[in-house]
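Asker: Which chain is which? The protein sequence lines are A and B, in order. Residues in the first sequence are numbered consecutively from 92, following this note's numbering. Residues in the second sequence are numbered consecutively from 15, following this note's numbering. Backbone N, C-alpha and C fix where the C-beta goes; we use that ideal spot for every residue, glycine too. Starting off with a structure, shown below.
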Amino acid sequence: MEQKNDNEYLVLKDLTKIFSDGRGNEVTAVDNISLTIKKGDFVTLLGPSGCGKTTTLRMVAGFELQTYGDITLDNKLINNVAPFDRNMPMVFQSYALFPHLTIFENIAYGLKIRKLSKEVIKNDVAMVSQMVNLVGLENRYPGELSGGQQQRVALARALVLKPEIILFDEPLSNLDAKLRIQTRTEIKRVQQMMGITALYVTHDQSEALSMSDQIVIMNRGEIAQVGSPEEIYNNPNSSFVADFIGNANFIDAKVSEIGSKSITVTVQGNSFEVKKTDEEFSEGEEVALAIKPEAVDISLEPTGFTGKLDVSSFLGSITEYKIEFENSFIIAIHSNTAGQTVKHFKMGEEVYVDFKKEFFRIYKK
Amino acid sequence: MANNKLKRRLNKNSFHQLTSDPALFIGVILILASLVLFIVYPLYAAAKLSLSDDGVFSLSQYQYIFTHSYYSKSIMNSVMLGAIVATLATFVGFVFAFAIAKGGIKGQKFFQPMAILPIISPPFMFALSVILLFGRNGLITAKLLHMDTSGVYGLKGLVIVQVITMYPIAYMTLVGILQAIDPDLETCAMNLGAKRIKTFFTVTLPLALPGIFASWLLVFVGSLTDFGNPIIIGGEFDVLSVRAYLEFTGMGNLPRGAALAMLLLVPTVGVFFIQKYIIKNKAYVTITGKSSRRGSSSVTGVAKIGLFIFTLGVSLFVIMFYVTIISGSFIKLWSVDWSFTLRHFVYAWDVGFTTLKNTLILATISTPITAVLGMIIAFIVVRKSFAGKQILDFLSMLSYAIPGTAVGIGYILAFNKAPFKLSGTAFILIAVYVFRNVPIGVQGGIAALKQISGDIEESSTNLGASTAYTFRKITLPLVRPAFFAGATFAFVRSMTAISAIIFLVSARWNHLTVLILAQTEIMRLGAASVLSFALIVVVMAFIFIIMKLTGLKQSQIFGTTK
Numbered sequence: 092m093e094q095k096n097d098n099e100y101l102v103l104k105d106l107t108k109i110f111s112d113g114r115g116n117e118v119t120a121v122d123n124i125s126l127t128i129k130k131g132d133f134v135t136l137l138g139p140s141g142c143g144k145t146t147t148l149r150m151v152a153g154f155e156l157q158t159y160g161d162i163t164l165d166n167k168l169i170n171n172v173a174p175f176d177r178n179m180p181m182v183f184q185s186y187a188l189f190p191h192l193t194i195f196e197n198i199a200y201g202l203k204i205r206k207l208s209k210e211v212i213k214n215d216v217a218m219v220s221q222m223v224n225l226v227g228l229e230n231r232y233p234g235e236l237s238g239g240q241q242q243r244v245a246l247a248r249a250l251v252l253k254p255e256i257i258l259f260d261e262p263l264s265n266l267d268a269k270l271r272i273q274t275r276t277e278i279k280r281v282q283q284m285m286g287i288t289a290l291y292v293t294h295d296q297s298e299a300l301s302m303s304d305q306i307v308i309m310n311r312g313e314i315a316q317v318g319s320p321e322e323i324y325n326n327p328n329s330s331f332v333a334d335f336i337g338n339a340n341f342i343d344a345k346v347s348e349i350g351s352k353s354i355t356v357t358v359q360g361n362s363f364e365v366k367k368t369d370e371e372f373s374e375g376e377e378v379a380l381a382i383k384p385e386a387v388d389i390s391l392e393p394t395g396f397t398g399k400l401d402v403s404s405f406l407g408s409i410t411e412y413k414i415e416f417e418n419s420f421i422i423a424i425h426s427n428t429a430g431q432t433v434k435h436f437k438m439g440e441e442v443y444v445d446f447k448k449e450f451f452r453i454y455k456k
Numbered sequence: 015m016a017n018n019k020l021k022r023r024l025n026k027n028s029f030h031q032l033t034s035d036p037a038l039f040i041g042v043i044l045i046l047a048s049l050v051l052f053i054v055y056p057l058y059a060a061a062k063l064s065l066s067d068d069g070v071f072s073l074s075q076y077q078y079i080f081t082h083s084y085y086s087k088s089i090m091n092s093v094m095l096g097a098i099v100a101t102l103a104t105f106v107g108f109v110f111a112f113a114i115a116k117g118g119i120k121g122q123k124f125f126q127p128m129a130i131l132p133i134i135s136p137p138f139m140f141a142l143s144v145i146l147l148f149g150r151n152g153l154i155t156a157k158l159l160h161m162d163t164s165g166v167y168g169l170k171g172l173v174i175v176q177v178i179t180m181y182p183i184a185y186m187t188l189v190g191i192l193q194a195i196d197p198d199l200e201t202c203a204m205n206l207g208a209k210r211i212k213t214f215f216t217v218t219l220p221l222a223l224p225g226i227f228a229s230w231l232l233v234f235v236g237s238l239t240d241f242g243n244p245i246i247i248g249g250e251f252d253v254l255s256v257r258a259y260l261e262f263t264g265m266g267n268l269p270r271g272a273a274l275a276m277l278l279l280v281p282t283v284g285v286f287f288i289q290k291y292i293i294k295n296k297a298y299v300t301i302t303g304k305s306s307r308r309g310s311s312s313v314t315g316v317a318k319i320g321l322f323i324f325t326l327g328v329s330l331f332v333i334m335f336y337v338t339i340i341s342g343s344f345i346k347l348w349s350v351d352w353s354f355t356l357r358h359f360v361y362a363w364d365v366g367f368t369t370l371k372n373t374l375i376l377a378t379i380s381t382p383i384t385a386v387l388g389m390i391i392a393f394i395v396v397r398k399s400f401a402g403k404q405i406l407d408f409l410s411m412l413s414y415a416i417p418g419t420a421v422g423i424g425y426i427l428a429f430n431k432a433p434f435k436l437s438g439t440a441f442i443l444i445a446v447y448v449f450r451n452v453p454i455g456v457q458g459g460i461a462a463l464k465q466i467s468g469d470i471e472e473s474s475t476n477l478g479a480s481t482a483y484t485f486r487k488i489t490l491p492l493v494r495p496a497f498f499a500g501a502t503f504a505f506v507r508s509m510t511a512i513s514a515i516i517f518l519v520s521a522r523w524n525h526l527t528v529l530i531l532a533q534t535e536i537m538r539l540g541a542a543s544v545l546s547f548a549l550i551v552v553v554m555a556f557i558f559i560i561m562k563l564t565g566l567k568q569s570q571i572f573g574t575t576k
């Protein structure tokens with residue numbers, strides 16, 4: 092008898108998906124990924140389009156048969172379980188509501204298949220409608236609802252089955268910015284309230300950062316990094332992750348000395364130390380230094396580095412400066428404190444740039 | 015990683031669909047076999063006969079046709095008629111479509127049905143009307159204008175009746191395209207300083223051009239393959255379809271008749287390919303898909319009045335023809351004795367009741383078969399993937415491109431001897447109805463299924479529904495309008511068919527249209543009017559019943575299928 096282990100609730104092992112067009116052309120969409128998801132966690136697959144995140148989700152749901160590898164749910168191998176027997180409701184990007192059924196019938200669809208009594212169906216639908224704020228719309232058809240309401244129906248249709256795990260395929264990408272923020276809080280609240288494990292696919296980093304317990308960053312069919320939002324944001328393990336999650340600035344530098352805990356690099360003739368990472372560097376090597384926009388300071392007082400202001404954009408709570416630096420551009424972000432005037436620079440003006448050097452991370456070029 | 019092992023794994027995945035689904039496999043084989051037997055084989059039989067001389071391959075029939083002006087004239091005539099009718103009918107159809115889609119004219123409820131009404135008429139009803147109105151004893155020519163003329167027989171009369179019969183084809187092709195042109199584009203052009211008329215010529219018209227081209231070709235082919243109108247009103251003006259019929263049945267010159275029918279095939283198949291592979295891709299480029307608002311102000315007030323008068327004029331003209339047929343049914347002897355009578359009804363009942371009953375029986379049998387077969391083929395083409403799928407798609411659409419005359423001749427040649435001895439039976443007529451009309455069902459089904467995103471079916475599966483449950487509860491209800499639209503068209507076309515049917519009717523199984531033709535030829539115009547009237551009533555009643563039973567609107571039935 093195998094022990095149930097909540098730390099290993101959904102396990103993907105060596106999962107690979109190769110698509111073939113039947114004419115000998117093969118595309119590896121997902122390349123040998125392994126992932127362990129804890130029960131009750133909100134896990135996000137994050138990455139640019141074509142990174143394999145949706146294919147991974149579709150393999151979990153059973154819509155794609157993996158070429159290699161195993162999927163285990165609650166210690167049971169589900170490779171050969173038909174998609175309609177997996178009990179993992181999915182919220183689709185297009186919502187995929189049934190246009191010929193009312194909202195009530197849409198939400199009740201899965202319950203009817205499970206042959207529940209009319210009474211139970213009615214109660215459950217009412218409860219979920221309440222929860223996602225759809226009361227009063229039960230007799231409408233999907234075409235008569237706004238995008239946000241349709242999205243909530245799609246969510247309700249999944250939640251009503253009281254699943255242990257729920258799948259999301261970019262569910263918010265058809266909503267406008269304001270509604271998106273509102274809805275993601277809503278999804279997170281319901282997920283925590285019901286204690287459901289969630290596997291969530293998105294390409295939106297702020298969605299991933301705000302909702303997830305764990306973020307899985309994917310790139311070209313492989314997992315680039317797994318970690319909590321803070322870990323990933325603060326310690327990206329590669330220039331890809333640093334770029335994708337933090338919009339990092341990249342600055343050319345040269346390694347001048349390698350110490351036991353730190354590496355000394357040179358930029359514009361100024362030398363300073365950065366933390367050592369797992370990657371190996373050699374003296375004299377050209378490297379990339381990544382730094383987040385909020386760790387870049389800009390002023391007219393002479394400091395270490397010089398640049399030329401290109402554009403400054405006042406964005407309300409922050410101001411964003413685009414600076415020409417070392418034949419490339421970097422972005423600096425300053426918070427605008429209430430009551431203080433915003434620093435103004437003229438376009439093309441010579442400015443001094445300073446970095447909070449402890450935030451530098453060094454990557455291979 | 016061993017490459018062979020990977021190949022085996024991938025193969026296993028793609029084979030899965032056919033091997034795991036024997037019903038699909040058997041279905042595909044049966045459908046393919048029937049398409050080959052009832053579409054390809056008759057065509058082959060006709061082509062073979064036209065290309066042989068005493069059993070040896072020879073082009074002599076074609077040589078003869080092209081070197082004798084008696085025959086080559088009919089080719090010239092057909093092409094000339096087709097070009098004139100295509101141009102005029104496309105113009106009328108465009109004005110209708112523009113007035114309805116962009117002009118915002120008043121009385122849409124009246125004009126929308128008027129734009130498609132001629133579609134449901136018997137093939138030569140308008141020819142009959144024109145004879146009653148403009149013929150030698152015509153109400154207008156002889157009675158009102160006191161002319162003694164037979165000028166309506168020939169090119170003039172043919173152009174009038176074919177334009178009236180076929181402008182709905184142009185309208186249906188164009189209205190969707192005009193509606194799909196984003197009004198924002200027109201607004202934008204005006205915003206950039208173009209006057210409305212300039213906007214029309216620089217934005218609207220160029221974007222509709224692929225549709226205009228498509229419509230022209232469709233009407234051209236329609237005119238070329240039309241049999242009912244030319245045989246009644248063609249007079250001395252000889253056209254290919256009639257010549258092929260007369261040669262084949264009248265003169266008994268089977269190879270020459272077959273060769274003439276084959277010549278009809280050249281333009282129709284050509285247009286089919288242009289339609290399928292060139293225009294289709296072009297037409298979709300114009301759809302921007304963003305805004306769904308209807309434009310309201312793309313025409314000026316004066317233009318609106320002009321559009322209104324034009325569409326009203328055409329509509330009244332069409333209504334006049336219907337009124338003529340109906341009154342013709344009640345008038346003792348047209349143009350001679352105008353007194354009211356019911357004797358045509360009595361006579362028509364005597365000669366026509368059995369035929370009407372049989373026509374109705376055969377149409378009623380073939381309609382559901384056509385609709386179901388069409389939907390199954392569409393489902394397989396859209397949702398399944400296997401080798402040879404393209405062949406299925408192509409064959410099922412091909413019969414659209416074969417002129418009725420060629421089908422009729424092909425069926426006679428193919429099915430008059432063992433192992434497929436069918437001539438004279440009801441079965442051969444049902445086969446003609448089914449396989450002539452199945453492309454309509456397939457096309458409608460494909461369009462409907464493509465609109466249902468795969469997500470919706472997947473979502474049903476994901477919520478726990480089996481494939482069968484999903485098909486029953488999700489797919490079928492969603493394609494229902496397309497299904498009944500296909501069925502309605504199949505029924506209407508079965509009831510009003512003539513060009514292929516006329517070769518295949520027998521004493522036991524006659525067809526109402528053939529009977530009307532016979533009555534017209536012996537100048538029993540009263541009886542012909544009554545029978546046409548009856549045919550229209552049956553067709554309208556069927557459409558009415560379908561609309562009542564299914565709760566579908568007229569626009570749903572006539573909007574989804576072309």
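(1) Using C-beta distances below 6 Å, list every residue in its chain close to V102 of chain A, excluding the 5 sequence neighbours before and after it, in chain order.
(2) Under the DSSP definition of a beta bridge, which residues are partnered with D388 of chain A?
(3) Using alpha carbons as the reference points, say which of A:D388, A:Q157 and A:R177 lies closest to A249 of chain A.
(4) Look at the alpha carbon of G69 of chain B and the alpha carbon of T325 of chain B, and state the distance between them as a whole number of angstroms.
(5) Less than 8 Å separating the beta-carbons of P382 of chain B and Y414 of chain B?
(6) Quick one: Cα of A222 of chain B to Cα of K120 of chain B, how far?
(7) Could you check the C-alpha separation between S125 of chain A and L563 of chain B for me, to the nearest Å?
(8) Got a sec: which bits of the segment 465-478 of chain B sit with their beta carbon under 8 Å from any beta carbon on chain A, in order along the chain?
(9) Indicate the three-state DSSP secondary structure (helix, strand or coil) for K104 of chain A in the structure shown.
(10) Who pairs with D295 of chain A in a beta bridge, going by DSSP?
(11) When the Cα atoms are used, what is the spatial distance from S88 of chain B to N243 of chain B?
(12) Report the option in B:R397, B:A501, B:S92 and B:Y55 whose CA atom is closest to the CA atom of L277 of chain B.
(13) Could you check the C-alpha separation between L232 of chain B and G171 of chain B for me, to the nearest Å?
(14) Ordered along the chain, which non-local residues of its own chain (more than five positions away) have a Cβ less than 7 Å from that of L169 of chain B?
(15) Relative to chain A, which residues along the segment 483-495 of chain B have a C-beta separation below 9 Å, given in chain order?
(16) Classify Y84 of chain B: buried if its beta carbon has 16 or more other beta carbons within 10 angstroms, exposed otherwise.
(17) Is the beta carbon of V448 of chain B sitting closer than 8 Å to the one on A514 of chain B?
(18) Is there a Cβ from chain A that is less than 8 Å from the Cβ of S520 of chain B?
(19) Can you list the residues of chain D that S83 of chain B reaches, using a CB-CB cut of under 7 Å?
(20) Pick helix, strand or coil for Q316 of chain A, following the three-state DSSP scheme.
(21) Thinking C-alpha only, which one of B:S349, B:G366 and B:V42 is nearest K157 of chain B?
(22) Can you name the residues that DSSP bridges to T127 of chain A?
(23) Please state if the CB of E99 of chain A and the CB of F110 of chain A are separated by a distance shorter than 8 Å.
(24) In terms of DSSP beta bridges, what is Y361 of chain B paired with?
(25) Quick check on S310 of chain B: buried or exposed, where buried means 16 or more other Cβ atoms within 10 Å of its Cβ?
(26) May I ask you to verify whether the segment 391-411 of chain A touches the segment 35-46 of chain B, counting CB pairs closer than 8 Å and requiring at least 3?
(27) If contacts are defined as beta-carbon pairs under 8 Å, then G398 of chain A and I414 of chain A qualify, I think. What distance do you get, rounded to the angstrom?
(28) Under 7 Å, CB to CB, which of the residues in the segment 192-219 of chain A have a partner in chain B?
(29) Alpha carbon to alpha carbon, how far is L380 of chain A from I355 of chain A? Give it in angstroms, no decimals.
(30) Using a Cβ cut-off of 8 Å (strictly closer), state whether S66 of chain B contacts chain A.
(31) With which residues is K318 of chain B paired in a DSSP beta bridge?
(32) According to the Cβ coordinates, are V106 of chain B and V177 of chain B closer than 8 Å?
(33) Can you list, in chain order, the residues of its chain with a C-beta nearer than 8 Å to that of L51 of chain B? Leave out the 5 residues immediately preceding and following it.
(34) Starting from the C-beta of A496 of chain B, find all residues in its chain whose C-beta is less than 6 Å away, skip the five residues before and the five after it, and write them out in chain order.
Answerer: Concretely, from the data shown:
(1) Leaving aside the five residues that flank V102 of chain A on each side, the residues in its chain whose CB is nearer than 6 Å to its CB run, in chain order, T127 and T163.
(2) Partner(s): A:D445.
(3) Nearest C-alpha to A249 of chain A: A:R177.
(4) Rounded to whole angstroms, the separation of the alpha carbons of T325 of chain B and G69 of chain B is 55 Å.
(5) Cβ distance not < 8 Å, so P382 of chain B and Y414 of chain B don't count as in contact.
(6) Here the C-alpha atom of A222 of chain B lies approximately 23 Å from the C-alpha atom of K120 of chain B.
(7) Near 56 Å, if we compare the C-alpha coordinates of L563 of chain B and S125 of chain A.
(8) Going along the segment 465-478 of chain B in chain order, one finds S467, D469, I470, E472, S473, S474, T475, N476, L477 and G478 with a Cβ nearer than 8 Å to chain A.
(9) K104 of chain A falls in the strand class under three-state DSSP.
(10) Per DSSP, none; premise fails for D295 of chain A.
(11) Each residue's alpha carbon lies about 15 Å from the other.
(12) Checking every option, the nearest Cα to that of L277 of chain B belongs to B:S92.
(13) For the pair L232 of chain B and G171 of chain B, the Cα-to-Cα distance works out to about 21 Å.
(14) Once the five neighbours on either side are set aside, the close Cβ partners of L169 of chain B are L95 and F251.
(15) Those residues of the segment 483-495 of chain B that come within reach of chain A (Cβ to Cβ, closer than 9 Å) are Y483, T484, K487, I488, P491, L492 and R494.
(16) Y84 of chain B is exposed by the Cβ-count criterion.
(17) Contact flag unset, no.
(18) It does not; no Cβ of chain A falls within 8 Å.
(19) In summary, chain D is missing from the structure at hand, where the protein chains are A and B.
(20) For Q316 of chain A, the secondary structure class from DSSP, reduced to helix, strand or coil, is strand.
(21) Considering only alpha carbons, the answer is B:S349.
(22) In the DSSP output, where bridge partners are listed per residue, T127 of chain A has A:V102.
(23) Cβ distance not < 8 Å, so F110 of chain A and E99 of chain A don't count as in contact.
(24) In DSSP, Y361 of chain B forms no bridge with anything.
(25) Interpretation of S310 of chain B is limited by its pLDDT of 48, a score under 50 that renders its predicted location unreliable; the figure taken from the coordinates is listed afterwards. It counts as exposed.
(26) No, the segment 391-411 of chain A does not touch the segment 35-46 of chain B.
(27) Indeed they touch by this definition, with Cβ atoms about 4 Å apart.
(28) Within the segment 192-219 of chain A, the residues whose Cβ lies closer than 7 Å to some Cβ of chain B are Y200, G201, I204 and R205, listed in chain order.
(29) In the sequence as presented, Ile is not what sits at residue 355 of chain A; that position holds Thr. Going by the C-alpha atoms only, they are around 12 Å apart.
(30) No, S66 of chain B does not count as interfacial toward chain A.
(31) Paired residue(s): none; K318 of chain B is not in a bridge.
(32) It is a contact, given that the beta carbons lie within the stated cut-off.
(33) Answer for L51 of chain B: F434, listed in chain order.
(34) So the list reads G458, G459, A462 and T574, once near-sequence residues are dropped.
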